[in-house]
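Going line by line, the protein sequences match chains A and B.
By the working numbering, the letter at position 64 of the first sequence is numbered 119, and the numbering carries on one by one without gaps.
By the working numbering, the letter at position 72 of the second sequence is numbered 164, and the numbering carries on one by one without gaps.
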Amino acid sequence: MFSADLFANAVVSGLLLGGFYAAVAIGLAIVFGQLDIVNIAHPAFIIAGSYTAYIFNSTFGFDPVLVGVAAMPVFFAVGVAIYRIYYAAFERTGQESLSGLAFFFGLMFIIEVSLILVYGVDYRLVSAGYATGALSIGFVDLPGRMLVPFLVALALTGLIWLYLSRTFMGRAIQAVAQDRGALQLMGADPIRIKQWAFGIGIATAAVAGALLIIIGPVEPSVGRQYIGRAFAIVVLGGMGSIQGMLIAALLLGVVENMVATFYGPSWAPAVSFGILLLTLAFRPAGLFGR
Amino acid sequence: MALSLEIRGVEAGYGAVRALHGVSLDIRDTETVALLGTNGNGKSTLMKCVMGMVRPTQGSIVLGLDGAQHDLTRLSTEQIVNLGVALVPEGRRLFPKLTVQENLLLGAFRPLARGAIAKNLAFCYEAFPVLQERRRQLAGSMSGGQQQMLAIARALMSAPRLLLVDEPSVGLAPILVSSTVSKIKELKERYGLTVLMAEQNFHQAIRIADRGYIIVHGEIVFDGRSVAELEQNDLVKRYYLGT
């Protein structure tokens with residue numbers, strides 16, 4: 056059955072979902088898209104962000120978004136430390152492609168298993184006033200638990216875009232994977248640039264995690280559902296282009312939601328891989344690649 | 093405000109291959125010195141040694157800057173750039189997926205250059221109007237001549253005192269070689285730069301050089317104290333002038 060309001064609702068909630076996907080993928084757009092580091096543990100860091108929001112929300116009643124923002128410096132420091140290990144163990148000796156992948160795979164399991172050991176496999180959730188309400192415009196519903204993550208994700212994306220395009224550090228981050236030797240000739244230390252960028256990438260996971268747990272309950276292995284999606288969005292967006300990533304995330308959200316609405320939710324996860332395969336086949340540089 | 097570069101007995105190579113054998117040369121303030129030699133004689137290796145990109149196994153490279161002596165063999169490339177040494181590298185080494193303007197702004201990464209960024213950018217655009225027209229274009233999509241101009245302009249954005257230029261003529265049409273070399277002279281005079289230019293095109297190099305060295309198989313075989321001396325040299329006559 057096709058109806059206009061069902062269609063409109065599917066599009067709008069798809070956009071809201073897609074906005075959240077942008078928050079999930081933006082860290083990877085930096086780490087994978089700009090630095091060429093295949094951090095498959097990124098969604099696990101997002102789950103760590105969710106649990107951080109859960110802990111402070113359930114214990115002190117803090118707002119999950121504020122907890123996510125406040126946790127960014129800590130996540131940043133963790134990211135810097137991880138990059139240093141990764142660099143010393145793999146990148147410096149040129150073993151990053153396979154050993155590095157195994158490293159991040161292991162990291163993913165360590166985060167997951169640690170969370171399971173401490174909090175078990177039960178679903179956890181946060182309480183926030185806006186998460187239960189909804190805004191209605193005409194026949195379109197904007198549930199708070201989707202609308203707030205959407206707005207926060209847009210703000211995060213905008214800030215990262217400004218940082219990358221308007222600051223010396225941001226431009227150096229964009230340049231480091233293109234020619235690190237030339238970057239040294241500009242007076243920048245590529246290793247420090249990369250560790251800074253990796254730290255920023257992981258810091259975004261603190262916010263993305265808070266958004267994830269506002270949208271719905273989270274358990275430690277939920278992150279795996281986002282590995283394929285996040286990488287698909289980064290590739291689709293043209294590897295490292297922030298605007299491309301945002302458009303790809305919104306597109307994926309809408310298409311996934313349409314498929315879920317009109318063909319059934321079990322098909323939705325196939326959408327990201329379907330789009331990814333088609334992109335790689337017909338436009339390998341991504342939809343918005345430079 | 094004095095600058096000097098003193099290279100003494102530098103030996104360097106790549107693995108078992110020795111590229112430089114006891115190279116010594118001097119550059120004094122506001123000079124333009126040519127390093128002449130055909131491909132594979134060690135010009136680029138010497139440039140890389142000065143920039144800290146290749147470590148000499150022996151010898152010293154000392155940059156004298158306003159009375160202070162800096163041993164460049166002990167400094168990282170970043171530290172050398174921050175002292176005010178810039179290299180226009182062989183093959184240009186632009187960031188192909190960044191725009192012209194983004195490339196230029198990266199040239200001013202050096203903290204000392206950030207304060208003068210507006211002035212330097214305006215000057216680069218004045219010196220190379222084509223770069224201003226194409227400032228939003230991706231660097232990788234420009235022609236070879238435009239890319240060479242961008243590489244030179246990007247090096248100038250770091251507000252250097254000593255400018256090293258590695259083979260500006262490679263891959264350029266003859267008319268572009270001539271205009272690029274003239275541009276280097278013009279920029280040198282305007283900024284009061286000291287220039288070391290590695291070049292295999294003898295005629296172009298001596299148009300702007302005060303003097304030059306000839307390097308063959310990693311050794312300085314002739315120290316020409318003037319352009320006239322270079323032109324009278326037997327090696328030059330044999331290899332370049334065809335007499």
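Ideal Cβ positions, reconstructed from N, Cα and C, are used throughout, including at glycine.
Nonlocal neighbours in the same chain, by C-beta distance under 7 Å from residue i, ignoring five residues either side
| i | result |
| --- | --- |
| residue 188 of chain A | 199 |
| residue 318 of chain B | 303 |
| residue 269 of chain A | 119, 181, 183, 186, 200, 203, 204 |
| residue 113 of chain B | 103, 310, 311 |
| residue 61 of chain A | 316 |
| residue 54 of chain A | Only positions 56 to 345 of chain A appear in this structure, which leaves residue 54 of chain A out of reach. |
| residue 273 of chain A | 102, 105, 178, 179, 267 |
| residue 209 of chain A | 74 |
| residue 95 of chain B | 121, 156, 157, 253, 254, 286 |
| residue 68 of chain A | 201, 312 |
| residue 139 of chain A | 250 |
Host alpha helix (DSSP H) of residue i (start-end)
| i | result |
| --- | --- |
| residue 329 of chain A | 323 to 337 |
| residue 321 of chain B | 319 to 324 |
| residue 79 of chain A | 59 to 83 |
| residue 247 of chain B | 236 to 248 |
| residue 230 of chain A | 223 to 231 |
| residue 257 of chain B | Looking at the DSSP string, residue 257 of chain B is not in any alpha helix (DSSP H); the run it does join, the beta strand (DSSP E), is 254 to 258. |
| residue 320 of chain A | Careful: residue 320 of chain A lies outside any alpha helix (DSSP H) and carries neither H nor E. |
| residue 236 of chain A | 235 to 240 |
| residue 276 of chain B | 266 to 283 |
| residue 135 of chain B | 135 to 142 |
Element boundaries [beta strand (DSSP E), containing residue i]
| i | result |
| --- | --- |
| residue 150 of chain B | 150 to 157 |
| residue 314 of chain B | 311 to 316 |
| residue 194 of chain B | Run containing residue 194 of chain B: none in the beta strand (DSSP E); it sits in the alpha helix (DSSP H), 192 to 199. |
| residue 189 of chain A | 189 to 192 |
| residue 110 of chain B | 109 to 120 |
| residue 161 of chain B | 160 to 163 |
Closest by C-alpha distance to residue i, when choosing among the options
| i | options | result |
| --- | --- | --- |
| residue 275 of chain B | B/215, B/114, B/308 | B/215 |
| residue 152 of chain B | B/296, B/259, B/98 | B/98 |
| residue 246 of chain A | A/89, A/142, A/82, A/86 | A/142 |
| residue 212 of chain B | B/184, B/247, B/238 | B/247 |
| residue 294 of chain A | B/143, B/189, B/179, B/230 | B/189 |
| residue 149 of chain A | A/173, A/192, A/91 | A/91 |
| residue 146 of chain A | A/308, A/328, A/219, A/232 | A/232 |
| residue 269 of chain B | B/233, B/240, B/101, B/330 | B/240 |
| residue 129 of chain A | A/257, A/305, A/250 | A/257 |
| residue 172 of chain B | B/185, B/196, B/154, B/187 | B/154 |
| residue 65 of chain A | A/319, A/325, A/271 | A/319 |
| residue 165 of chain B | B/178, B/174, B/159, B/149 | B/149 |
Contact set for residue i: own chain, Cβ-Cβ below 6 Å, skip 5 residues either direction
| i | result |
| --- | --- |
| residue 315 of chain A | 323 |
| residue 281 of chain A | 79, 98 |
| residue 301 of chain B | 124, 126 |
| residue 171 of chain A | 275 |
| residue 156 of chain A | 93 |
| residue 303 of chain A | 288, 291, 292 |
| residue 105 of chain B | 111 |
| residue 315 of chain B | 305 |
| residue 209 of chain B | 200 |
| residue 82 of chain A | 97, 256, 259, 260 |
Contacting residues, own chain, Cβ-Cβ under 8 Å from residue i (five flanking each side not counted)
| i | result |
| --- | --- |
| residue 307 of chain B | 115, 127, 128, 129, 133, 134, 135, 138, 313 |
| residue 298 of chain B | 126, 304, 319, 322, 323 |
| residue 259 of chain B | 135, 136, 182, 290, 291, 292 |
| residue 328 of chain A | 283, 287 |
| residue 222 of chain B | 238, 241 |
| residue 243 of chain B | 180, 181, 184, 185, 186 |
Those residues which DSSP pairs with residue i across a bridge
| i | result |
| --- | --- |
| residue 304 of chain B | B/126, B/316 |
| residue 106 of chain B | B/109 |
| residue 291 of chain B | B/128 |
| residue 196 of chain A | A/191 |
| residue 95 of chain B | B/157 |
| residue 286 of chain B | B/254 |
| residue 40 of chain A | Outside the shown range of chain A, which is 56 to 345, sits residue 40 of chain A, and nothing can be said about it. |
| residue 100 of chain B | B/152 |
Cβ-heavy atom distance, residue i to the ligand NAP, below 8 Å
| i | result |
| --- | --- |
| residue 247 of chain A | This structure does not include the ligand NAP; it has no bound ligands of any sort. |
Report the residue ranges of all alpha helix (DSSP H) runs contained in full by the region 247 to 299 of chain A; include only those spanning at least 4 residues, in chain order.
-> 279 to 291
At 3 residues or longer, and completely inside the region 109 to 162 of chain A: list those beta strand (DSSP E) runs for me, N to C.
-> none
Ordered list of alpha helix (DSSP H) runs contained in the region 167 to 232 of chain B, each at least 4 residues = 169 to 175, 192 to 199, 203 to 206, 209 to 219, 221 to 225
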